[in-house]
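*Asks:* Could you have a look at this structure, given as structure tokens, before my questions?
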Amino acid sequence: MSMQPSEMIAARTAPPRVGGLRAWVRRELFGSWVSTLTTLALLAWALWALPGALDWLLWRAVWQADADACQAARGVGACWGVITEKHRLILLGRYPLEEQWRPVLATALLLVLVIASGVRQFWTRWLVLAWVLVWAVFFALMLGGVAGLAEVPTERWGGLPLTLMLTTLSIVLACPLAVALALGRRSRMPAIRGLCALFIELVRGVPLISVLFMASFLFPLFLPVGATPDVLIRVLLGISLFAAAYLAETVRAGLQSVPQGQLEAANSIGLSWWQTQRLVVLPQALGAVVPGLMNSFISIFKDSSLITIVSLYELTGSLGLALSGDPEWRPFMVEGYLFITAIYFVVCAAMSRYSLWVEQRHARGLAR
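In my numbering, each number is its position in the sequence shown, counted from 1, plus 16.
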């Protein structure tokens with residue numbers, strides 16, 4: 017049988033690139049006629065509104081702390097001089113002026129630790145020790161009374177340090193309690209299941225502002241005379257318990273998503289119940305509900321603004337404290353709220369982006 021001579025096959029053209037900015041714009045902004053019309057309408061609105069907004073925000077704005085210049089520019093340009101004049105009171109609250117380096121340093125340490133905790137290379141047992149040390153230094157700096165630092169009562173704390181402290185510490189306290197409540201609600205023992213369900217439904221059935229009110233004003237009535245804890249501790253416990261109830265339902269949804277075969281496989285190799293939950297169930301359950309968990313974390317950060325009802329002045333409360341009593345700068349409350357909005361947006365956007373990164377890593381781990 018004779019063999020046919022081989023022929024060279026011409027090189028094929030490379031397939032079109034499906035990634036990149038152009039592909040994203042085509043897919044997300046012009047993927048259908050409805051999406052196209054919406055995109056064009058938003059672009060038209062932006063072209064109409066953006067020049068005037070930039071004119072007010074930047075071009076005709078007053079940047080120096082000059083109340084007379086700001087009054088002259090009212091209705092024409094923003095007065096960012098109010099931030100220049102009041103930024104210390106807005107960011108640090110009523111903390112004594114001569115001691116404000118302490119909350120600045122404490123906040124910087126806490127932010128560095130939070131950022132480091134999101135980096136996988138630092139996920140070791142030493143991270144737990146770092147959290148303990150940073151919290152000890154944070155409260156030593158803020159409270160004082162040690163190492164020659166003047167004592168500052170908690171009612172003088174405020175602004176960004178108080179907001180970050182309440183958010184991070186509430187999350188740290190609420191997460192273990194939420195996992196315990198979620199496991200308890202799925203327990204086979206009716207008493208434990210009923211108590212966990214009662215706590216979750218009772219707390220979720222009331223707004224956070226009522227929880228803070230009860231923790232601040234009603235809780236001390238059930239304690240012996242003279243045994244009233246600090247208002248900051250009561251508020252922290254109230255936020256933590258409230259957050260734990262919501263997080264528990266998110267964790268329970270993750271527990272229900274774990275296939276029964278995983279539990280049977282763990283039992284077949286002799287793992288105990290605790291080992292099964294720690295090594296098999298919880299890693300899969302928590303990974304499946306990362307968006308829900310991060311949504312609750314963002315809510316905790318934003319809901320911390322409600323503590324003004326108990327006379328603790330976080331970011332929004334400090335803004336009102338800084339401007340409400342000063343008739344010269346009171347008319348420029350809008351600029352102050354825009355400044356606070358920018359802080360909240362940056363923090364919440366960073367948390368959201370980190371959540372997406374965790375989701376992607378979890379998805380890659382499942383695909384292996």
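A virtual CB, placed ideally from N, CA and C, is assigned to each residue, including glycine. Computed from a prediction, not measured in an experiment: that's the story for all the values here.
The alpha helix (DSSP H) with P206 in it runs from where to where?
*Replies:* Start at 1 with the first residue of the sequence shown, and residue 206 comes out as number 190. P206 to R220 is the span of the alpha helix (DSSP H), which, as asked, contains P206.
*Asks:* Of the choices V120, V130, R104 and S288, whose alpha-carbon is the least far from that of T183?
*Replies:* Sequence index remark: in the sequence shown, residue 183 carries index 167 (1-based). Its Cα nearest to that of T183, the residue V130 stands out among V120, V130, R104 and S288.
*Asks:* So, at 7 Å on beta carbons, what are the nonlocal neighbours of L45 in its own chain, with the 5 sequence-adjacent residues on each side left out?
*Replies:* Locating residue 45 in the sequence shown gives position 29, where the first residue counts as 1. Hits under 7 Å: S51 and T55.
*Asks:* Just to confirm before moving on: does the CB-CB distance between W345 and E101 stay below 9 Å?
*Replies:* Looking up residue 345 in the sequence shown gives position 329. Looking up residue 101 in the sequence shown gives position 85. Contact check for W345 against E101 passes: the beta carbons are separated by less than 9 Å.
*Asks:* DSSP on V251, reduced to helix/strand/coil?
*Replies:* On the sequence shown, residue 251 is found 235 positions in, with the first residue counted as 1. Three-state result, V251: helix.
*Asks:* Who does Y329 pair with in a DSSP beta bridge?
*Replies:* As a position in the sequence shown, residue 329 is number 313, starting the count at 1. Paired residue(s): G174.
*Asks:* Got a sec, what are the start and stop residues for the alpha helix (DSSP H) M158 sits in?
*Replies:* Numbered from 1 along the sequence shown, position 142 holds the residue referred to as residue 158. Residues R141 to L159.
*Asks:* Is it buried or exposed, E280, if we count other Cβ atoms within 10 angstroms and call 16 or more buried?
*Replies:* Taking the first residue of the sequence shown as position 1, residue 280 is located at position 264. Exposed.
*Asks:* Does A39 pass the burial test, meaning 16 or more other C-beta atoms within 10 Å, or should it be called exposed?
*Replies:* Taking the sequence shown and counting its residues from 1, the one referred to as residue 39 is at position 23. Flag for A39 reads exposed.
*Asks:* Can you give the Cα-Cα distance for I99 and P177, rounded to whole angstroms?
*Replies:* Reading the sequence shown from its first residue, position 83 is the one you call residue 99. Reading the sequence shown from its first residue, position 161 is the one you call residue 177. If you take the alpha carbons of I99 and P177, they lie about 18 Å apart.
*Asks:* Taking the beta carbon of A26 as the centre, do at least 16 other beta carbons fall within 10 Å, making it buried, or is it exposed?
*Replies:* Reading the sequence shown from its first residue, position 10 is the one you call residue 26. Looking at its Cβ environment, which holds fewer than 16 other Cβ atoms inside 10 Å, A26 is exposed.
*Asks:* Does the Cβ-Cβ distance between A122 and L149 come in under 9 Å?
*Replies:* Walking along the sequence shown from the start, residue 122 turns up at place 106. Walking along the sequence shown from the start, residue 149 turns up at place 133. No, the pair does not count as a contact, with Cβ atoms beyond the cut-off.
*Asks:* Which one or two residues does DSSP pair with C95 in a beta bridge?
*Replies:* Within the sequence shown, residue 95 is the residue found at index 79, counting from 1. Bridge partners of C95: V78.
*Asks:* Once the 5 residues before and after V3 are set aside, which same chain residues still bring their CB inside 8 Å of it?
*Replies:* Lying before the first or after the last residue shown, residue 3 is absent from the chain, which here runs from 17 to 384.
*Asks:* If you run the structure through DSSP and keep just helix, strand and coil, what is M24?
*Replies:* Counted from its first residue, the sequence shown places residue 24 at position 8. Coil at M24, not helix or strand.
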